[in-house]
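This report refers to the structure that appears directly beneath it.
Protein chains in written order, with our numbering: chain A, 1 to 675; chain B, 1001 to 1381.
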């Protein structure tokens, strides 16, 4: 296979260099080894210094930064990263999915506390479900995490988002941490939460987190279509959610373990598209219920100086009901029940000080049932085997892996099951330090991966097509990264990254009409994506004010190489793909005060494959400006934080999805009390 | 008046082309000609929830073909709405049945200027008789929390009020009026694969009027189209189940409401003009990812297929997914629209009566429904 030749060439080149110097500072293994007495991974600790020591730098937002974003869910946070497009239908609820570097939402792997969040039915994780209340940090890795002791499934997505929940952390002599937060805001938002951490013994901590949210989702909007200049109120937008999480965190000799329980319950109405109706009457009555439960456990141990183990297991049970009681349209009352069993063993062995290898084996089983006979009840099992290696030299680091995936499916009725699939997927990540004394690096990666068609794509009534082949994603990336801490008075640190990338999506699964009112899914399209991500970050200190600024810019040129018969769309930009997008995050701290100003920009997007430059077939460029002010204070020994957040301060009317108007100016007040 | 109108329309068209860069300036001009029909309106469905249905207008006398004609004539409005499903002219007014917008848009047939709207939830098709419009709708009563009956609304074309409604079978589509009776094709589309196989007959005369007086059972299922010919026969198209039951065309005699014959054929859409029924059939091939299309003509008197071609110059090879067909009763021009992939801008082709292409034009998304505008006879002014 040509992919393996690439791996071979990379390794060969490095061996020739023979720069075998023990550089334990850049070696994740050594760092971990010395940090076993703390409860956190070293690479998970975020200090004001460099965010990440990855081969290819990751993007990360940490606790304090997350609080400064005027954001409620992980989706709102992820949209500030370079190369990310979040699909958002507006309001507090609603599906929020993420598309990284235009490869497609189904290619984005989402992980919660180190274990994949799955949805075999849709293949998309709704990031709107994950509240920021209990999140310590969110990281985005283009390709995969740049370490090798990982479950095999962590290598199985084109891009990965890791959400890490808050770990218990106790000050001296303290055994209990209690934190209560209250949020109250526009659209009838009421959002209390509580966090309780307990030190049960020196080696065992517990953590519990509860959150409730209610909002009516009623907001005023002006429809962007020409002519319709009426201010209307968004209807059918009620949402109510409850989330409970519990975790145990333990230390063992040369290792640690944790167990986690997660329950999320959401009822929401779905505000529909704003289209012409008789006297603007609302016909939307769609509702959705979600109940997500999972239990997962993870353990890691340094068995010998050279051998390390990581064990993961998970059981997930998901329920979703979609109900449309609208009597003017087709009656739909569909319930879906999904289960996932997952177990993984990863092992790492240090052959030489600079050379690590790892082997991981995962097993995953997904079951889907529904109340509809028109939907086959499929079961899928997937076995993942992954072999990785890392080489660490003074000026150079290389990571390479090859993942073997085997899938088997069964269905209970209606149609044949999809064929068994076997696939080999390689990836290589490399970094070269350009200057001896400065952290200025050239980095690059290549990754070949695929996604299996989802259960809906394979088996959903007339829409499904059990003959679908896996969709391939091939990524090439090259970039420069720079980081420096300064001892000077004003400029404290400066970080800069630039990446150019070329992605190919082959056998792309697209919906295609076989008849006017009947669509099915086919492996039809091919897409090429040329992009540039630029990120910069610095910290200034002027008088007593600390000023942090972060900038992210994405240039994305997508080339739709679909159906040649339709010449008007061949070679054009993908619908909903902006050429330019950017975010600016500014944060100033003075004594107990913190002020944040965030700008999000998305360039003009076409809504059709033909790129028609008319108001009806495009979405104009938009910018939102958000501001927030927080103050920390103490009443007796109780630490408090109060804040006011105003989003979209210039009251701009904008759309992310055509005919789904986003909220204009809105506000939120928060009060956090820590005991 | 002709010159004046010509100038006005040319100016309008010019202004339109000037502000819309998408219309291909390379498209060859259409040779103006005289016809007893002034022009053809084309209703493009747009994309579902895209709120982008559009109207195109072709005028014989000038050879102008103008897209987004409704927006042009109604600049203060935000457009036709979502998913237009039928278009017809009755008297001096034109009616666009806007399915997802849940309304019927009523325009002046000559100018396409907005007059009124009537709310009909989930409206599908329209027919006319004796000063009333009859609109089929899927949004009838629900039985047993699962199946939903359809209905037909009777609308006064003077004051635009819904006078009466009558329940029919599941998911009624097209309607046809013959001899004081309204025939409604019931598809059962929401119940697939258990599609319906009935045609409901509603009396428009006699008392009490507007009731289902008969239900005709057809040999095939999923009936979506029904049209009357000049012999008083009704031609009902059943789509089958898109699997083992293939489409067919059933002839019903309106005199006694008995089935005359059923023709098994690959048919997706048709238009009756004079003695001929022009049709095409389109089936998607899951291996080649192409629509396999056939065309043909049925003689309505002998009720036999007499031709397997409409296009004679090879243009059919360019047509990806035919979505509409109509024949000019005055000069035999055949218009066939192409929806391509139902999300790109469509195309319309005009063929002369010998099947040779006269011209083609780009339209809005999914051009599907047509209405000929008869020339207005102006006596004064």
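For glycine and all other residues, C-beta sits at the position ideal for the given N, C-alpha and C.
- Residue 671 of chain A and residue 359 of chain A have their C-alpha atoms spaced approximately 47 Å apart.
- Sequence-ordered contacts of the region 1113-1134 of chain B with chain A read 1117, 1119, 1121, 1122 [C-beta pairs closer than 7 Å].
- Contact annotation: in the region 267-281 of chain A, residues whose CB is within less than 7 Å of a CB in chain B are 273, 275, 276, 277, 278.
- Residue 1098 of chain B is bridged by DSSP to B/1084, B/1103.
- In terms of CA proximity to residue 322 of chain A, A/287 leads the group A/257, A/356, A/287, A/331.
- In the DSSP assignment, residue 1242 of chain B falls outside any alpha helix (DSSP H), carrying neither H nor E.
- For residue 1320 of chain B, the C-beta contacts it makes with chain A under 8 Å involve 565, 566, in order along the chain.
- DSSP, reduced to helix, strand and coil, places residue 456 of chain A within a helical segment of the structure shown.
- Residues of chain A whose Cβ lies closer than 8 Å to the Cβ of residue 1031 of chain B do not exist, since the nearest Cβ in that chain is about 25 Å away.
- The beta carbons of residue 571 of chain A and residue 559 of chain A sit closer together than 8 Å.
- Between residue 1178 of chain B and residue 1125 of chain B, the gap from beta carbon to beta carbon reaches 8 Å or more.
- For residue 327 of chain A, the closest of B/1144, B/1365, B/1132 by C-alpha to C-alpha distance is B/1144.
- Residue contact check for residue 1343 of chain B against chain A: a CB pair falls below 8 Å.
- Residue 1095 of chain B sits away from residue 1370 of chain B, with the two beta carbons spaced by 8 Å or more.
- Contact check for residue 1364 of chain B and residue 1044 of chain B: beta-carbon distance about 3 Å, within the 8 Å limit, so the pair qualifies.
- The C-beta distance from residue 1079 of chain B to residue 1030 of chain B rounds to 25 Å, too long to fall under 8 Å, and the pair is not in contact.
- Exclusion of the five residues before and after residue 1299 of chain B leaves 1275, 1276, 1306 as the residues of its chain whose Cβ lies within less than 7 Å of its Cβ.
- For residue 1261 of chain B, the pairing in a beta bridge is given by DSSP as B/1251.
- Among the residues facing chain A, residue 1081 of chain B is included, as its CB has a counterpart in that chain under 8 Å away.
- Between the beta-carbon of residue 1291 of chain B and that of residue 1325 of chain B there is about 14 Å, and that puts the pair past the 8 Å contact cut.
- Considering only A/532, A/604, A/545, the residue with the shortest C-alpha distance to residue 83 of chain A is A/532.
- When secondary structure is reduced to three states using DSSP, residue 81 of chain A falls in the coil class, being assigned neither helix nor strand.
- By the Cβ-count criterion, residue 663 of chain A is buried, with 16 or more other Cβ atoms from all chains shown falling within 10 Å of its own Cβ.
- Annotation: the continuous beta strand (DSSP E) that includes residue 381 of chain A extends over 378-392.
- The beta carbon of residue 512 of chain A sits closer than 8 Å to some beta carbon of chain B.
- Between residue 1338 of chain B and residue 1323 of chain B, the C-beta spacing is below 8 Å.
- Residue pairing of residue 408 of chain A in beta bridges, as defined by DSSP: A/381.
- With distances taken between CA atoms, residue 116 of chain A lies nearest to A/295 out of A/81, A/295, A/218, A/179.
- The beta carbon of residue 515 of chain A falls within 8 Å of a beta carbon belonging to chain B, placing the residue at that interface.
- Residues of the same chain with a CB within less than 6 Å of the CB of residue 289 of chain A, apart from the 5 flanking positions on each side, are 267, 321 in chain order.
- For residue 245 of chain A, the three-state secondary structure derived from DSSP is strand.
- When Cβ-Cβ separations below 8 Å define contact, residue 1056 of chain B makes no contact with chain A.
- Residue 542 of chain A is classed as exposed because its beta carbon has fewer than 16 other beta carbons within 10 Å across all chains shown.
- Residue 1315 of chain B and residue 1354 of chain B have their C-alpha atoms roughly 13 Å apart.
- Annotation: residue 296 of chain A is outside any alpha helix (DSSP H); the continuous beta strand (DSSP E) that includes it extends over 287-302.
- Counting only Cβ-Cβ distances below 7 Å, residue 569 of chain A has contacts in chain B at 1344, in chain order.
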